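Under the numbering used here, the very last position in the sequence shown is 153; numbers go up by exactly one each time.
Just so you know, even glycine gets a beta-carbon here, dropped at the ideal spot from N, CA and C.
Since the structure is predicted, the reported quantities are computational estimates derived from the model, not experimental observations.
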Amino acid sequence: MPRAYIGLGSNLGDRERTIREGLAALDASGVTVVAVSTLVDTEPVGVVGQPRFLNAVAAVDTRLGARELLNVLLDVERRFGRRRDEAVPHGPRTLDLDLLLYGDAEIDEPGLHVPHPRMHERDFVLGPLAEVAPGLEVPGKGKVQTLRARLH
Numbered sequence: 002m003p004r005a006y007i008g009l010g011s012n013l014g015d016r017e018r019t020i021r022e023g024l025a026a027l028d029a030s031g032v033t034v035v036a037v038s039t040l041v042d043t044e045p046v047g048v049v050g051q052p053r054f055l056n057a058v059a060a061v062d063t064r065l066g067a068r069e070l071l072n073v074l075l076d077v078e079r080r081f082g083r084r085r086d087e088a089v090p091h092g093p094r095t096l097d098l099d100l101l102l103y104g105d106a107e108i109d110e111p112g113l114h115v116p117h118p119r120m121h122e123r124d125f126v127l128g129p130l131a132e133v134a135p136g137l138e139v140p141g142k143g144k145v146q147t148l149r150a151r152l153h
């Protein structure tokens, strides 16, 4: 059973509760949440003038394939009121669930890119990821702790 890592974020409403309930929704969707990082309060990236985010990373086990897992993540986002706006891709959101890693897979398909293409540039991803999987290797990029050190 592959271990996957999910990035979680919220900057609308009760952010902590939304993330907690989003994790429960994942757990009820054929995904076993095995570890969750500390929640990190962060500035928004890309679009200024929006509320601060709470971010975290969850380690999950699943029998779902990567595409199926992505579809579950998108479905959970929709159930929590997420509306994707192509004009403002980094705008406010009730719940954001990103498939960061899926085992050691490297996938580049329409709508599915693993590892997440910008995860190595984001401390709000690498910090929580290093907390739940300190020795983890990001395929094609290097160790999480090394990637994080490059940002500082």
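Where residue i falls, given that 16 or more other Cβ within 10 Å makes a residue buried
{"i": "Arg84", "result": "exposed"}
{"i": "Arg64", "result": "exposed"}
{"i": "Ala67", "result": "buried"}
{"i": "Val35", "result": "exposed"}
{"i": "Pro52", "result": "exposed"}
{"i": "Asp48", "result": "The question names Asp, but residue 48 is Val in the sequence shown. Exposed: under 16 other Cβ atoms inside 10 Å."}
{"i": "Ala131", "result": "buried"}
Whole-angstrom distance between residue j and residue i, CA atom to CA atom
{"i": "Arg16", "j": "Phe54", "result": "8 Å"}
{"i": "Pro118", "j": "Ile7", "result": "13 Å"}
{"i": "Thr19", "j": "Ala29", "result": "15 Å"}
{"i": "His153", "j": "Thr95", "result": "29 Å"}
{"i": "Ala25", "j": "Val73", "result": "13 Å"}
{"i": "Met120", "j": "Val58", "result": "11 Å"}
{"i": "Asp124", "j": "Arg21", "result": "21 Å"}
{"i": "Glu78", "j": "Leu113", "result": "16 Å"}
{"i": "Asp99", "j": "Thr147", "result": "21 Å"}
{"i": "Leu75", "j": "Phe81", "result": "10 Å"}
{"i": "Ile108", "j": "Pro116", "result": "7 Å"}
{"i": "Asp42", "j": "Gly136", "result": "24 Å"}
{"i": "Thr39", "j": "Pro111", "result": "32 Å"}
C-beta atoms of residue i and residue j nearer than 8 Å
{"i": "Asn12", "j": "Pro129", "result": "no"}
{"i": "Val126", "j": "Ala134", "result": "no"}
Contact set for residue i: own chain, Cβ-Cβ below 6 Å, skip 5 residues either direction
{"i": "Gly10", "result": "Phe54, Asn56, Asp97"}
{"i": "Glu138", "result": "Lys144"}
{"i": "Leu101", "result": "Tyr6, Gly8, His117, Met120"}
{"i": "Leu71", "result": "Leu100, Leu113"}
8 Å Cβ shell around residue i - same chain, five flanking residues per side excluded
{"i": "Asp62", "result": "Met2, Pro3, Arg4, Ala5, Val32, Thr33, Val35"}
{"i": "Gly104", "result": "Pro3, Arg4, Ala5"}
{"i": "Glu122", "result": "Leu152"}
{"i": "Glu44", "result": "Arg53, Phe54"}
Residues of its chain near residue i, where Cβ-Cβ distance is below 7 Å and the 5 sequence neighbours each way are ignored
{"i": "Lys142", "result": "Pro116, His121, Leu148"}
{"i": "Ala60", "result": "Arg4, Tyr6, Val35, Ala36, Val133, Ala134"}
Next on the checklist: Quick check on the DSSP output: what are the complete alpha helix (DSSP H) runs of length 4 or more inside the region 4-57, in order along the chain?
Outcome noted: 16-28
Next on the checklist: Ignoring anything shorter than 3 residues, give me the beta strand (DSSP E) runs that lie fully in the region 58-132, in order along the chain.
Outcome noted: 97-103, 108-110, 113-115
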